[in-house]
Amino acid sequence: MLRRKEMPLWQELPLLLVVAFCLAVLIRTFLVQAFYIPSGSMQKTLELKDRVLVNKVVYDMRDPLRGEIVVFRGTDNWAPEVTEPVSNTFGAKLGRTVGDLVGVSRPGERDFIKRVIGLPGDKVACCDEQGRITVNGIGIDEPYIADGFNSDLSQPVIAGQCTSRKFAEVTVPAGQMFVMGDHRLVSQDARCQGPVPIQNVIGRAFVTVWPSSRFTQHEIPEVWKQFAKDHPTAAIGPPGPQPRQDPQVAGSLFPLLLTAALSARSTMSFVARRRRLRA
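Below, the structure is given as structure tokens:
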């Protein structure tokens, strides 16, 4: 019986690294991506330099829901939030390129993370008698806005700036969403920069993974779940944009990912057995 020739360890390890790298790229491209928080616009929910995992598949099968935290690409009206200087040395550029491939790089200038407040057909405004935002005339108690993180009601409205809590009623256009940051004092969002096309959404931020002390799952707050029961999404105008990818594309990756994972596991087990035999 012929026996397969064993590869030396120095050849197997690079192969294992290549498999792991390809697996990371596939996951980053189609399934989950780590996202670096570049500003304080979502405090206290998300702190500066937190890292969250973003589900990139969920919105291929449905639209965002009110109360969800989403990562999206801003339109030309949106001013960049990434203001920290970036090194342009060769090593820094190489690190950013590799990090982008596996999904652990800094966000681009046009990448933003905010909370969904209004969906197509919703009428969003501020404020009611209690100083709350209103959606379809209903005041929303937002538990994620920390004390001292909301705009002063006495702040005057200035066109093109989000410094005021007050803004005139906006009817969210078809195929778009109205998003706001949890830190209303500093967040530059749909109040002054306008709604965002749903097709610009990259994914849903569902968990903070770093630093480990801040590990937190991000569920839809109960206030938004209750609101959705009484106020389903309005259907206005033509149908919204089609999903960015066929859900079957993402689904078809699972066998490939599973095969790659099993291959990597098999290689690791083989290496471990050889080490034990040689010991």
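Under numbering that gives the first Met the number 0, the first residue of the sequence shown is numbered 0, with each subsequent residue one higher. Glycine included, each C-beta is placed from N, C-alpha and C at the ideal position. Remember, predicted model here, so these are calculated numbers, not experimental data.
Beta-carbon separation (whole angstroms), residue i vs residue j, contact threshold 8 Å
| i | j | result |
| --- | --- | --- |
| Gly66 | Thr232 | Not a contact, Cβ separation roughly 13 Å. |
| Arg183 | Ser150 | 5 Å |
| Ile201 | Val53 | 6 Å |
| Val69 | Pro63 | 5 Å |
| Arg284 | Tyr58 | It is not possible to answer for residue 284, since the shown part of the chain is limited to 0 through 278. |
| Asp140 | Met41 | Contact flag wrong, Cβ pair sits at about 18 Å. |
Residue range of the unbroken alpha helix (DSSP H) whose run includes residue i
| i | result |
| --- | --- |
| Val171 | It is not in any alpha helix (DSSP H) - Val171 carries neither H nor E in the DSSP assignment. |
| Arg190 | Ala189 to Gln192 |
Bounding residues of the beta strand (DSSP E) (the contiguous stretch that carries residue i)
| i | result |
| --- | --- |
| Phe226 | Phe226 -> not in any beta strand (DSSP E); alpha helix (DSSP H) instead, spanning Glu221 to Asp229. |
| Val206 | Val200 to Trp209 |
| Ile68 | Ile68 to Arg72 |
| Phe34 | Val31 to Tyr35 |
| Leu184 | Run containing Leu184: none; DSSP gives neither H nor E here. |
| Leu52 | Arg50 to Asn54 |
Beta-carbon proximity of residue i to residue j, cut-off 7 Å
| i | j | result |
| --- | --- | --- |
| Gly147 | Val134 | no |
| Arg72 | Asn199 | yes |
| Phe205 | His217 | yes |
| Val185 | Gly39 | yes |
| Ala145 | Lys43 | yes |
| Asp49 | Thr162 | no |
Whole beta strand (DSSP E) runs in the region 117 to 166 with 3 or more residues, listed along the chain? 122 to 125 and 132 to 134
For the region 185 to 195 and the region 166 to 176, state whether three or more C-beta atom pairs, one from each stretch, are separated by less than 8 Å. yes
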